[in-house]
Amino acid sequence: MTPTCSRSRTHTAVVVLATIATAVALLGALPAPAADAARAAAPGKAKHVRLVQPTVSGDRAGLTVKWNRAKRARTYRVRWSTSPTMAGAQATSTRGRSVVLRNLAQGVTYCAQVRAKAGKQKGPWSRAVCRTTPRLDPVGAPWVSGQVVQGTAPSTVAVTFSWPRVAGATGYQVDYAPGTGSVQSNRKKKTVKADISGSRTVRGLTPGGTYCFQVRALSKWGTGLRSTTGCRLLTRAERTVPPRAFALDFATWNVCSTMCSKPSWAKRQVAVRDRILRMNADVVAVQEAIAATPYLTANLGGYTRGCQVGDGTTAQGNTVGRQALYVRTSTYRVVPGTNQGIIFSQVGDVYPSHGACWVEVQDIRTGQHVVVASVHLVHPIGTKYDKGRDRQTLQLLAAIAQRYAGKPMPPVALAGDFNSHRQRAYDGPRVRLEANGYRDSFDVAARFLTPSYRNSAHGWATTPLVTPRTGNHLDRVFTSAGIHAASWRIDEPMTADGRYYAGLLSDHSPVITSLRIPY
Numbered sequence: 000m001t002p003t004c005s006r007s008r009t010h011t012a013v014v015v016l017a018t019i020a021t022a023v024a025l026l027g028a029l030p031a032p033a034a035d036a037a038r039a040a041a042p043g044k045a046k047h048v049r050l051v052q053p054t055v056s057g058d059r060a061g062l063t064v065k066w067n068r069a070k071r072a073r074t075y076r077v078r079w080s081t082s083p084t085m086a087g088a089q090a091t092s093t094r095g096r097s098v099v100l101r102n103l104a105q106g107v108t109y110c111a112q113v114r115a116k117a118g119k120q121k122g123p124w125s126r127a128v129c130r131t132t133p134r135l136d137p138v139g140a141p142w143v144s145g146q147v148v149q150g151t152a153p154s155t156v157a158v159t160f161s162w163p164r165v166a167g168a169t170g171y172q173v174d175y176a177p178g179t180g181s182v183q184s185n186r187k188k189k190t191v192k193a194d195i196s197g198s199r200t201v202r203g204l205t206p207g208g209t210y211c212f213q214v215r216a217l218s219k220w221g222t223g224l225r226s227t228t229g230c231r232l233l234t235r236a237e238r239t240v241p242p243r244a245f246a247l248d249f250a251t252w253n254v255c256s257t258m259c260s261k262p263s264w265a266k267r268q269v270a271v272r273d274r275i276l277r278m279n280a281d282v283v284a285v286q287e288a289i290a291a292t293p294y295l296t297a298n299l300g301g302y303t304r305g306c307q308v309g310d311g312t313t314a315q316g317n318t319v320g321r322q323a324l325y326v327r328t329s330t331y332r333v334v335p336g337t338n339q340g341i342i343f344s345q346v347g348d349v350y351p352s353h354g355a356c357w358v359e360v361q362d363i364r365t366g367q368h369v370v371v372a373s374v375h376l377v378h379p380i381g382t383k384y385d386k387g388r389d390r391q392t393l394q395l396l397a398a399i400a401q402r403y404a405g406k407p408m409p410p411v412a413l414a415g416d417f418n419s420h421r422q423r424a425y426d427g428p429r430v431r432l433e434a435n436g437y438r439d440s441f442d443v444a445a446r447f448l449t450p451s452y453r454n455s456a457h458g459w460a461t462t463p464l465v466t467p468r469t470g471n472h473l474d475r476v477f478t479s480a481g482i483h484a485a486s487w488r489i490d491e492p493m494t495a496d497g498r499y500y501a502g503l504l505s506d507h508s509p510v511i512t513s514l515r516i517p518y
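The numbering of the sequence shown is numbering that gives the first Met the number 0, which starts it at 0 and goes up by one.
Written as structure tokens, this is what we have:
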């Protein structure tokens with residue numbers, strides 16, 4: 000081999016090696032498959048993000064986040080917050096293009112953002128979109144606003160349930176069941192739908208039975224939370240409207256004219272008189288009236304005093320006038336010589352200041368007679384005082400019976416502060432009076448013009464005291480057999496937000512019943 004040939008081969012080898020080296024260098028600069036994925040273009044921005052399909056369920060709300068597909072996206076990250084800056088945001092991931100947000104607060108504005116992801120690559124967050132969740136408030140406490148006996152042998156009761164209307168409701172669901180237990184677990188539960196009026200009448204219920212009920216609002220967003228449970232002892236079949244009757248609107252009011260000193264009676268007396276005149280009742284029974292009786296006797300125009308404690312008895316101490324009764328002279332006439340009173344025996348260490356007075360009055364239109372009374376029983380709570388109220392009720396019944404011994408007794412209506420109700424360990428006044436054919440007008444009224452769960456005794460509180468299941472009423476009107484209670488109501492003006500106005504006139508509100516007395 001010649002030197003020239005050797006040099007040529009060497010040069011060729013060098014060129015080949017250089018070419019290979021260049022190729023290797025070039026190949027080394029190309030990305031591997033893993034590097035390709037890492038360096039792929041980031042996913043695009045999620046667009047047209049929106050909050051749609053608002054819902055409610057009970058006291059919670061929901062929204063659905065939706066968006067259009069982002070380029071190169073494999074998954075999406077969604078976050079939401081009550082802050083437009085997304086402070087304190089919650090987040091979740093999805094492969095789809097929608098996320099349902101549940102368990103949100105009602106009536107609250109929520110904001111949401113979305114961004115696309117592709118492996119470790121993340122796209123930009125979308126702009127925040129915001130929307131307020133729907134609000135469907137719980138239905139306020141329901142009550143029975145009407146009860147009408149229908150048919151005979153057997154009779155049934157048509158009951159009207161009422162409740163405060165809820166903004167946004169398109170209807171309501173009413174659940175009711177016999178008994179005093181849970182409505183929802185009762186196998187005899189029935190469910191009916193109601194329109195937006197805030198009431199619903201159901202038929203075929205059992206007279207004298209107890210029913211409990213709940214209401215919840217329905218809307219285009221879903222179903223609201225159930226109301227508290229209301230309960231009602233239904234009227235009895237024998238308390239239907241008499242075929243022939245005369246009307247008596249009977250009011251009772253514990254005016255607390257002596258024991259309540261802030262404000263004093265002197266500062267309240269004119270307003271109390273004016274309220275009585277506005278109530279427009281035929282007969283008004285007042286209790287704790289030792290200061291009120293002389294003032295009303297002199298200043299209650301259109302009325303005459305029918306009786307007061309101390310009539311027909313030797314008054315003990317300062318008991319005269321503690322209970323009194325006023326009769327409207329345009330509709331009723333006081334029968335002379337029939338006014339009587341009683342001071343109840345002492346109970347425990349309570350001063351014997353409780354008592355009653357009664358008088359016979361004549362309906363001017365028909366000439367028919369009825370006995371009306373103003374009653375106040377001992378007030379403390381406890382077994383001893385339950386028994387005391389029991390004895391005082393017996394004393395009252397015996398005294399009235401003695402007055403009519405040997406002659407027909409007219410129908411009787413006893414109104415006043417009985418300091419007892421069905422939730423006491425022993426409701427002695429009711430037990431004793433029912434045994435003698437009397438019924439509490441609150442139990443048998445055909446219509447309730449104010450919610451029956453509000454208590455007439457409020458202790459000067461402008462927020463009404465309520466007992467949704469029963470209505471614990473101390474102020475009662477008991478009527479003898481056959482008298483029909485057409486309506487029952489508490490007379491106390493209220494503000495738009497459901498409170499009593501400041502400047503209450505007593506620690507009790509008046510109760511008024513409209514009676515139909517057979518003859």
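Even glycine gets a Cβ: it sits at the ideal position worked out from N, Cα and C.
Among the residues of its own chain, which have a CB less than 7 angstroms from the CB of residue i, if the five just before and after it don't count?
i, result
"lysine 70", "Pro42 and Gly43"
"valine 333", "Thr303, Gly305, Val326, Val358 and Val360"
"proline 123", "Lys44 and Arg114"
"lysine 187", "Ala176 and Pro177"
"proline 241", "Gly481, His483, Arg515 and Pro517"
"arginine 68", "Arg96"
Using the beta-carbon count (16 or more within 10 Å), is residue i buried or exposed?
i, result
"valine 269", "exposed"
"asparagine 454", "buried"
"isoleucine 289", "buried"
"leucine 464", "exposed"
"arginine 364", "exposed"
"valine 430", "exposed"
"arginine 519", "Given that the chain is displayed from residue 0 to residue 518, the structure contains no residue 519 and the question cannot be resolved."
"aspartate 58", "exposed"
"arginine 423", "buried"
"serine 218", "buried"
"proline 410", "buried"
"glycine 208", "exposed"
"proline 206", "buried"
"glutamine 391", "buried"
Return the chain-ordered list of same chain residues with a C-beta closer than 6 angstroms to the C-beta of residue i, the five sequence neighbours on each side being excluded.
i, result
"proline 467", "Ala140, Thr227, Gly229 and Tyr452"
"glutamine 307", "Thr292, Gly320, Ala323 and Cys356"
"glutamine 52", "Thr63"
"isoleucine 275", "Val283"
"alanine 414", "Phe249, Thr251, Ala284 and Val476"
"arginine 225", "Gln213 and Arg215"
"threonine 257", "Ile289 and Ala290"
Below 8 angstroms on the Cβ atoms is my contact criterion, and I expect residue i with residue j to pass it. Report the Cβ-Cβ distance as a whole number of Å.
i, j, result
"methionine 558", "isoleucine 511", "Residue 558 falls outside the range modelled here, since the chain spans only 0 to 518, and no answer is possible."
"tryptophan 79", "tyrosine 109", "6 angstroms"
"cysteine 211", "tyrosine 175", "7 angstroms"
"alanine 484", "threonine 478", "7 angstroms"
"valine 173", "alanine 111", "Incorrect: roughly 37 angstroms between the Cβ atoms, too far for contact."
"methionine 450", "arginine 388", "According to the sequence as given, residue 450 is proline; it is not methionine. Not a contact, Cβ separation roughly 26 angstroms."
"asparagine 338", "glycine 381", "Wrong, their Cβ atoms sit about 33 angstroms apart, outside the cutoff."
"valine 107", "threonine 81", "6 angstroms"
"tryptophan 142", "phenylalanine 447", "7 angstroms"
Under three-state DSSP, which class holds residue i?
i, result
"tyrosine 210", "strand"
"glycine 57", "strand"
"glutamine 52", "strand"
"serine 80", "strand"
"glutamine 391", "helix"
"alanine 24", "Any answer about alanine 24 is weak, because its pLDDT of 45 lies below 50 and its placement is not dependable; what the coordinates show is given next. Here alanine 24 sits in helix by DSSP."
"alanine 484", "strand"
"isoleucine 380", "coil"
"alanine 440", "Correcting the residue identity first, residue 440 is serine in this sequence and not alanine. Here serine 440 sits in helix by DSSP."
"valine 173", "strand"
"proline 428", "helix"
"aspartate 248", "strand"
"alanine 86", "coil"
"aspartate 506", "coil"
"arginine 235", "coil"
"glutamine 401", "helix"
"glutamate 359", "strand"
"alanine 445", "coil"
"aspartate 385", "helix"
"leucine 224", "coil"
"alanine 434", "helix"
Near residue i, which residues of its chain fall below 8 angstroms by C-beta distance, leaving aside the five closest residues on each side in sequence?
i, result
"tyrosine 500", "Thr461, Pro492, Met493 and Thr494"
"threonine 328", "Gly301, Tyr302 and Thr303"
"aspartate 506", "Asn253, Cys255, Cys259, Ala456, His457, Gly458 and Trp459"
"valine 182", "Asp174, Tyr175, Ala176, Lys188, Cys211, Phe212, Gln213 and Thr228"
What residue ranges within the segment 258–326 form continuous beta strand (DSSP E) runs of no fewer than 3 residues, ordered along the chain? With a minimum length of 3 residues, the continuous beta strand (DSSP E) runs that stay inside the segment 258–326 are 282–286 and 302–307.
Counting only runs that start and end within the segment 119–158, where is the beta strand (DSSP E) found for 3 or more residues in a row? Runs found: 128–131 and 142–149.
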